[in-house]
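K.L.:
Here it is, the structure in full.
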Amino acid sequence: MSKKPPNRRGISFEVGAQLEARDSLKNWYSASVEKIDYDEEKVLIHYRQWSHRYDEWFDWDSPYLRPVERVQLRKEGLQAEEGDPVSISYYVAFCYISEAVHILFKCDCKLYILTVHF
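Each residue of the sequence shown is one higher than the one before, starting from 1 at the first, in the working numbering.
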């Protein structure tokens, strides 16, 4: 019996499918699926506009694979499910005012404010 890739929203596990992958230097790049190893439960990822010598094998449930259209999914009102990886690029500002802490951070090219009251 052949193993099946996990059902991950926005990622199609078939050769040529587009996605984003995070390299060993923690940078996200547009990529595509080159090969699928059903026995080892891995996919070979090719980083677009890079030489094939940089292609990498990832477990197909790796948090270092994500859909290309994360911004589009957010625009369509789809929310991340519990357990979905979230990448916070960096926090921008930290402010303590009275009985609350405000943190401004960037995630997927969008700024958010986190307010913690105590």
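Cβ atoms here follow ideal geometry from the backbone N, Cα and C, with glycine treated the same way.
Nearest by alpha-carbon distance to E41: which of E99, I103, V101, K3 is it?
P.N.:
As a working note, residue 41 is residue 41 in the sequence shown. That would be K3, whose Cα lies nearest to the Cα of E41.
K.L.:
For the putative contact between I45 and A21, defined by C-beta atoms under 8 angstroms, what is the C-beta separation to the nearest angstrom?
P.N.:
For the purposes of this step, residue 45 is taken as residue 45 along the sequence shown, with counting starting at 1. For the purposes of this step, residue 21 is taken as residue 21 along the sequence shown, with counting starting at 1. I45 to A21, Cβ: 5 angstroms. Contact.
K.L.:
Based on DSSP bridge pairs, tell me the residues matched to D37.
P.N.:
Your numbering for residue 37 matches position 37 in the sequence shown. Answer is K42.
K.L.:
Distance, Cα to Cα, D55 vs V116?
P.N.:
Against the sequence shown, residue 55 aligns to sequence position 55. Against the sequence shown, residue 116 aligns to sequence position 116. One C-alpha to the other measures close to 42 angstroms.
K.L.:
Just mark V15 as buried or exposed, buried being the case when its beta carbon has 16 or more other beta carbons within 10 Å.
P.N.:
By 1-based counting over the sequence shown, the position of residue 15 is 15. By the 10 Å Cβ count, V15 comes out exposed.
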